[in-house]
Amino acid sequence: MSLSLNEIVARLGGELVGATVGAAVGEKVGVGDTAAVATATMGTTGQADGTAITDIRITHVAPLETADSGDLSFLSNPKYRAQMQRTRASAVIMSPAAFHSLAQLNSAMPFAAILTDQPYLYYARVAQWLSPLPDVIPGIHASAVVVGQVADSAEIGAHVSIGCGAQIGADVAIGANCSIGENVVIADGSRLAPNVTVYAHCVIGKRCIIHAGVVIGSDGFGFAREATGAWVKIPQIGRVVIGDEVEIGANTTIDRGALDDTIIGDGVKLDNQIQIGHNVKIGKDTAIAGCVGVAGSAVIGARCSIGGAAMIQGHLTLADEVVVTTGTLVTKSITKAGTYSGSSPFLTHGEWLRNFSHLRHLDAMADKIRALEQRLQAMEKKA
Amino acid sequence: MSLSLNEIVARLGGELVGATVGAAVGEKVGVGDTAAVATATMGTTGQADGTAITDIRITHVAPLETADSGDLSFLSNPKYRAQMQRTRASAVIMSPAAFHSLAQLNSAMPFAAILTDQPYLYYARVAQWLSPLPDVIPGIHASAVVVGQVADSAEIGAHVSIGCGAQIGADVAIGANCSIGENVVIADGSRLAPNVTVYAHCVIGKRCIIHAGVVIGSDGFGFAREATGAWVKIPQIGRVVIGDEVEIGANTTIDRGALDDTIIGDGVKLDNQIQIGHNVKIGKDTAIAGCVGVAGSAVIGARCSIGGAAMIQGHLTLADEVVVTTGTLVTKSITKAGTYSGSSPFLTHGEWLRNFSHLRHLDAMADKIRALEQRLQAMEKKA
Amino acid sequence: MSLSLNEIVARLGGELVGATVGAAVGEKVGVGDTAAVATATMGTTGQADGTAITDIRITHVAPLETADSGDLSFLSNPKYRAQMQRTRASAVIMSPAAFHSLAQLNSAMPFAAILTDQPYLYYARVAQWLSPLPDVIPGIHASAVVVGQVADSAEIGAHVSIGCGAQIGADVAIGANCSIGENVVIADGSRLAPNVTVYAHCVIGKRCIIHAGVVIGSDGFGFAREATGAWVKIPQIGRVVIGDEVEIGANTTIDRGALDDTIIGDGVKLDNQIQIGHNVKIGKDTAIAGCVGVAGSAVIGARCSIGGAAMIQGHLTLADEVVVTTGTLVTKSITKAGTYSGSSPFLTHGEWLRNFSHLRHLDAMADKIRALEQRLQAMEKKA
Numbered sequence: 002m003s004l005s006l007n008e009i010v011a012r013l014g015g016e017l018v019g020a021t022v023g024a025a026v027g028e029k030v031g032v033g034d035t036a037a038v039a040t041a042t043m044g045t046t047g048q049a050d051g052t053a054i055t056d057i058r059i060t061h062v063a064p065l066e067t068a069d070s071g072d073l074s075f076l077s078n079p080k081y082r083a084q085m086q087r088t089r090a091s092a093v094i095m096s097p098a099a100f101h102s103l104a105q106l107n108s109a110m111p112f113a114a115i116l117t118d119q120p121y122l123y124y125a126r127v128a129q130w131l132s133p134l135p136d137v138i139p140g141i142h143a144s145a146v147v148v149g150q151v152a153d154s155a156e157i158g159a160h161v162s163i164g165c166g167a168q169i170g171a172d173v174a175i176g177a178n179c180s181i182g183e184n185v186v187i188a189d190g191s192r193l194a195p196n197v198t199v200y201a202h203c204v205i206g207k208r209c210i211i212h213a214g215v216v217i218g219s220d221g222f223g224f225a226r227e228a229t230g231a232w233v234k235i236p237q238i239g240r241v242v243i244g245d246e247v248e249i250g251a252n253t254t255i256d257r258g259a260l261d262d263t264i265i266g267d268g269v270k271l272d273n274q275i276q277i278g279h280n281v282k283i284g285k286d287t288a289i290a291g292c293v294g295v296a297g298s299a300v301i302g303a304r305c306s307i308g309g310a311a312m313i314q315g316h317l318t319l320a321d322e323v324v325v326t327t328g329t330l331v332t333k334s335i336t337k338a339g340t341y342s343g344s345s346p347f348l349t350h351g352e353w354l355r356n357f358s359h360l361r362h363l364d365a366m367a368d369k370i371r372a373l374e375q376r377l378q379a380m381e382k383k384a
Numbered sequence: 002m003s004l005s006l007n008e009i010v011a012r013l014g015g016e017l018v019g020a021t022v023g024a025a026v027g028e029k030v031g032v033g034d035t036a037a038v039a040t041a042t043m044g045t046t047g048q049a050d051g052t053a054i055t056d057i058r059i060t061h062v063a064p065l066e067t068a069d070s071g072d073l074s075f076l077s078n079p080k081y082r083a084q085m086q087r088t089r090a091s092a093v094i095m096s097p098a099a100f101h102s103l104a105q106l107n108s109a110m111p112f113a114a115i116l117t118d119q120p121y122l123y124y125a126r127v128a129q130w131l132s133p134l135p136d137v138i139p140g141i142h143a144s145a146v147v148v149g150q151v152a153d154s155a156e157i158g159a160h161v162s163i164g165c166g167a168q169i170g171a172d173v174a175i176g177a178n179c180s181i182g183e184n185v186v187i188a189d190g191s192r193l194a195p196n197v198t199v200y201a202h203c204v205i206g207k208r209c210i211i212h213a214g215v216v217i218g219s220d221g222f223g224f225a226r227e228a229t230g231a232w233v234k235i236p237q238i239g240r241v242v243i244g245d246e247v248e249i250g251a252n253t254t255i256d257r258g259a260l261d262d263t264i265i266g267d268g269v270k271l272d273n274q275i276q277i278g279h280n281v282k283i284g285k286d287t288a289i290a291g292c293v294g295v296a297g298s299a300v301i302g303a304r305c306s307i308g309g310a311a312m313i314q315g316h317l318t319l320a321d322e323v324v325v326t327t328g329t330l331v332t333k334s335i336t337k338a339g340t341y342s343g344s345s346p347f348l349t350h351g352e353w354l355r356n357f358s359h360l361r362h363l364d365a366m367a368d369k370i371r372a373l374e375q376r377l378q379a380m381e382k383k384a
Numbered sequence: 002m003s004l005s006l007n008e009i010v011a012r013l014g015g016e017l018v019g020a021t022v023g024a025a026v027g028e029k030v031g032v033g034d035t036a037a038v039a040t041a042t043m044g045t046t047g048q049a050d051g052t053a054i055t056d057i058r059i060t061h062v063a064p065l066e067t068a069d070s071g072d073l074s075f076l077s078n079p080k081y082r083a084q085m086q087r088t089r090a091s092a093v094i095m096s097p098a099a100f101h102s103l104a105q106l107n108s109a110m111p112f113a114a115i116l117t118d119q120p121y122l123y124y125a126r127v128a129q130w131l132s133p134l135p136d137v138i139p140g141i142h143a144s145a146v147v148v149g150q151v152a153d154s155a156e157i158g159a160h161v162s163i164g165c166g167a168q169i170g171a172d173v174a175i176g177a178n179c180s181i182g183e184n185v186v187i188a189d190g191s192r193l194a195p196n197v198t199v200y201a202h203c204v205i206g207k208r209c210i211i212h213a214g215v216v217i218g219s220d221g222f223g224f225a226r227e228a229t230g231a232w233v234k235i236p237q238i239g240r241v242v243i244g245d246e247v248e249i250g251a252n253t254t255i256d257r258g259a260l261d262d263t264i265i266g267d268g269v270k271l272d273n274q275i276q277i278g279h280n281v282k283i284g285k286d287t288a289i290a291g292c293v294g295v296a297g298s299a300v301i302g303a304r305c306s307i308g309g310a311a312m313i314q315g316h317l318t319l320a321d322e323v324v325v326t327t328g329t330l331v332t333k334s335i336t337k338a339g340t341y342s343g344s345s346p347f348l349t350h351g352e353w354l355r356n357f358s359h360l361r362h363l364d365a366m367a368d369k370i371r372a373l374e375q376r377l378q379a380m381e382k383k384a
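Protein chains in written order, with this note's numbering: chain A, 2 to 384; chain B, 2 to 384; chain C, 2 to 384.
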């Protein structure tokens with residue numbers, strides 16, 4: 002697929018500008034205003050052929066460093082500005098502020114620019130346009146074992162099992178070797194990669210993306226203890242209910258509720274190898290990075306960001322818009338939006354030995370300071 | 002399924018009491034002693050119809066907060082006592098002590114109660130009775146590829162593979178897409194969810210529950226190093242041997258022994274996404290929460306509890322009845338029962354920056370305190 | 002299979018020595034020099050039958066403690082030296098230094114010894130010889146769904162799917178229920194255990210071992226954020242490219258690159274349940290233990306060792322030969338080879354409460370020390 006810069010700004014907005022010898026730096030090109038467009042002189046990109054900026058064709062998105070002619074790149078982080086000098090991209094998405102500060106440094110930039118306040122978001126939209134999800138090819142593979150109901154437009158892969166009472170919506174794609182339990186509901190447009198397991202009665206919303214190896218609806222970790230120390234299983238009879246537009250990374254596991262349901266809100270994004278315990282509720286548009294564990298009955302608000310390998314203990318509540326940084330263990334409820342941290346710094350092994358050994362003696366250290374204060378005060382009084 | 006309170010106490014014990022206007026608070030109802038039973042007046046539960054307490058029928062278990070008429074709930078943690086005032090449960094399991102302290106606060110409670118010293122354990126038993134595991138439907142799915150021996154009463158799901166020499170016991174259920182290696186033994190009554198892999202020669206005991214995505218018997222991480230830095234694989238020729246009544250959570254992995262076996266004792270409960278290294282031994286009735294890693298050749302005693310995301314280093318020993326709290330890294334053997342911790346607290350990001358930066362300088366801080374002590378002592382001597 | 006000690010040293014080198022009554026301790030036996038060999042008198046091993054040392058036959062490798070007659074064991078760690086007195090092994094691999102120090106302590110050792118500077122590496126080679134990987138049985142199982150190209154010598158298991166354009170090399174073995182995406186390349190001699198998922202376009206080198214439940218090529222965790230807080234997916238269009246002789250542990254996940262590729266170098270060894278983010282590069286012969294997370298765009302050098310449950314943040318670089326110890330969070334680039342640590346010690350729960358609570362007040366503690374220094378200095382000046 003190839004798109005002209007004109008098509009891109011026509012659909013996605015932004016200002017298209019050329020940075021050329023012969024054209025005013027930052028000269029604005031209105032959508033549909035091709036006649037007035039400055040001619041791009043793109044010395045290093047191989048398009049110094051007088052093509053109007055609006056007609057430049059984009060076939061791929063690429064990072065500044067590796068972009069080549071025909072590529073659209075983006076500048077969203079000022080620390081990559083040095084790469085702008087060398088990029089071979091045909092066009093770069095950036096903020097107006099970045100463009101004007103660059104324009105003052107260079108007499109000419111070897112690319113066209115699309116100016117927008119949110120370059121990374123704009124880039125995401127172009128990238129989705131150029132690399133759409135693969136088509137869903139309607140049909141049920143001959144090797145699949147389907148008892149439930151499947152929409153005509155759905156694609157069911159090889160060696161899939163779909164249990165009794167399950168409902169698979171329109172345009173759903175289910176990859177090879179998935180196992181879909183009894184009475185599971187998968188709503189329109191959702192896609193499951195291969196080797197996903199969905200236990201009975203769970204519900205997956207619309208346009209979700211579930212990656213390979215994900216397990217949805219396994220039993221929560223609930224046991225009562227006998228006097229002997231033996232464990233008696235608590236039946237886990239709740240469900241997992243997943244909203245719309247949720248993405249779940251590879252090998253992530255989400256336990257069904259013990260009695261109530263485990264609930265994953267609309268727009269939630271879960272990275273790989275996350276463990277979500279039973280009865281957890283996660284609010285809309287919260288994003289959780291890889292290797293995080295969320296223990297049973299934790300309630301996480303909307304629009305939270307949980308960093309990688311953070312651990313959220315059970316039976317606590319996180320407010321909306323809480324940010325937990327990488328490797329932090331959250332042991333009590335957080336009632337206020339904001340950023341929270343608890344990880345330890347790393348050192349060379351020798352420095353670590355010298356410094357971290359004192360962690361075993363912080364209380365004695367505090368005692369020594371208190372004693373010093375008292376002795377000093379006594380002396381000061383005397384003096 | 003529905004059970005009368007009388008049936009429940011007849012099988013599981015406990016004292017059935019009514020808390021009603023018109024009946025003495027805490028009046029004891031013997032099993033089979035229905036004639037003498039106080040009439041329950043359950044205003045808020047919709048059963049204020051004069052039904053004898055023993056005849057009240059229970060169809061579900063439910064938490065105090067969401068329970069409705071026909072539900073049996075439980076009070077095991079005093080912090081949920083406030084919910085007792087509002088619950089719509091038909092009956093609540095609680096300790097005699099909790100009942101009597103509640104009775105003094107309220108002239109009447111809107112539910113019947115079953116009194117037992119271990120309410121949560123009692124609740125687990127009722128829940129198992131009301132929600133038994135699904136029936137095993139004997140038979141081998143036509144799509145399964147079975148070379149080993151399978152008991153007539155076992156259920157083998159779609160697209161399962163069972164290797165040469167494997168023995169699948171009576172009443173075993175194996176979910177879709179499981180792969181069972183050569184000479185694997187799975188004893189009577191065990192259940193494997195879909196997408197489980199059991200490598201060759203491993204042994205699974207009786208009445209185990211293995212959740213989806215579990216891998217049993219993968220190679221341990223054993224390599225010798227050449228002078229060049231290249232790694233030479235140590236063949237992993239031990240097995241994994243799993244006892245009876247073991248439950249293993251989704252996507253947990255257990256490596257086979259290098260030479261000896263990896264051994265998981267009877268009654269062990271493993272949550273999701275746990276990694277057990279080669280040659281590990283875990284004692285009877287130990288429970289391990291999600292995201293824990295146990296490195297190679299660690300030996301964990303009986304009746305231990307390991308909190309989520311804890312990490313147990315290799316080649317060490319934990320005594321029986323050791324409790325390791327969430328997020329703790331165990332770096333040496335623990336020879337005495339008790340609770341052990343090592344996780345860092347979390348703070349607002351600003352406080353964390355201010356406080357945790359000192360971790361790099363604890364040794365200098367200790368030096369400063371020592372210097373202060375010496376200077377102060379010198380002054381005290383002089384004075 | 003059984004090997005004589007003579008066959009072993011003939012192929013793998015080392016010095017074969019007997020430690021017997023009647024033979025000089027440490028007497029060297031040259032390869033092929035059987036005539037001159039001391040007669041072994043192996044009282045405890047059941048081979049005290051006058052067999053020449055070179056003819057002793059080895060059928061298994063085993064640890065010193067559990068070895069029996071016919072077993073070859075090894076001593077690579079001096080702390081296991083006490084076990085030498087009791088071992089029933091027919092022969093033990095050890096360093097010349099260990100042998101001579103043992104020889105001085107004992108008038109006779111009840112085993113033959115192979116002397117080599119790297120006993121563990123030698124042991125690995127013998128173990129590989131005695132326990133080779135199972136034969137690859139050429140052929141495609143009738144239940145497999147194969148669209149791509151498969152070499153005649155490859156073995157494709159039951160219920161495998163292989164997508165359009167995929168190329169499966171010579172002597173490749175693919176376990177049951179694996180799903181191989183479109184255009185995937187798996188080079189000669191690689192082996193995939195059951196339930197592995199390889200997404201489209203990924204490349205696996207020669208002689209790799211991929212364990213069960215591994216996911217290769219899932220989407221990286223890349224989203225741009227709208228003003229509302231909603232996330233817009235960044236298409237992940239790079240690949241995963243894996244070198245030769247790579248081993249990947251059970252349920253490990255490796256995300257495909259966003260635009261560039263994720264690259265795993267030759268000889269890299271990854272343990273179980275590791276998460277590798279998009280665009281990560283890992284250098285040759287680096288080994289990573291279980292439960293590690295490597296966030297997106299991290300670059301890890303060659304011959305690094307990353308301890309279990311360590312976490313490497315994104316967009317940073319680790320030099321060659323960096324060692325990160327267990328449980329360490331790496332938050333910035335490491336430019337120099339060496340060992341780095343950052344984990345917290347563990348304590349009894351009571352000691353932990355007393356000591357770790359001060360972590361919230363380290364800054365105040367530093368302030369108190371500074372104030373003490375100033376007050377003391379003021380007093381010292383006065384005095």
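The beta carbon of each residue, even a glycine, is placed where N, CA and C say it ideally should be. Keep in mind the model is a prediction, meaning the values are calculated, not measured.
Cross-chain neighbours of residue i in chain C, by beta carbon under 9 Å
| i | result |
| --- | --- |
| B/His212 | What B/His212 touches in chain C: nothing, since even the nearest Cβ is about 12 Å away. |
CB of residue i within 9 Å of CB of residue j, strictly
| i | j | result |
| --- | --- | --- |
| C/Tyr390 | C/Val242 | What the structure shows of chain C is the stretch from 2 to 384, and residue 390 of chain C is not part of that stretch, so it cannot be assessed. |
| B/Ala174 | B/Leu193 | yes |
Where residue i meets chain B, residues with beta-carbon distance less than 9 Å
| i | result |
| --- | --- |
| C/Val331 | Those within 9 Å of C/Val331 in chain B number zero; the least Cβ separation is about 15 Å. |
Chain C contact residues for residue i, given Cβ-Cβ distances below 8 Å
| i | result |
| --- | --- |
| B/Tyr341 | Phe347, Leu348, Thr349, His350, Trp353 |
| B/Thr117 | Within chain C, no residue comes near B/Thr117; the closest Cβ sits about 29 Å away, beyond 8 Å. |
Cβ-based neighbour list, residue i, same chain, cut-off 8 Å, excluding 5 preceding and 5 following
| i | result |
| --- | --- |
| B/Asp267 | Gly206, Gly244, Asp245, Glu246, Val247, Lys285, Asp286 |
Where residue i sits in the DSSP three-state scheme
| i | result |
| --- | --- |
| B/Glu374 | helix |
| C/Asp256 | strand |
| C/Thr224 | Checking the sequence shown, residue 224 of chain C turns out to be Phe, not Thr. Note: C/Phe224 maps to strand in three-state DSSP. |
| C/Tyr1 | With chain C covering only 2 through 384, there is no way to say anything about residue 1 of chain C. |
Residue i versus residue j: straight-line alpha-carbon distance, rounded
| i | j | result |
| --- | --- | --- |
| B/Val161 | A/Ser162 | 11 Å |
| B/Ala310 | B/Phe357 | 21 Å |
| C/Thr229 | A/Ile264 | 21 Å |
Partner residues on chain C for residue i, Cβ-Cβ distance less than 7 Å
| i | result |
| --- | --- |
| B/Gln276 | Asn273, Gln274, Gly291, Cys292 |
| B/Trp232 | Gly268, Lys270, Asp286, Ala288 |
| B/Arg371 | Neighbours of B/Arg371 on chain C: none; closest Cβ ~11 Å, over 7 Å. |
Other residues of its chain near residue i: CB distance less than 7 Å, five sequence neighbours each side excluded
| i | result |
| --- | --- |
| C/Gly315 | Gly278, Ala296, Gly297, Ser298, Ala299 |
| A/Gly343 | Thr329, Leu330 |
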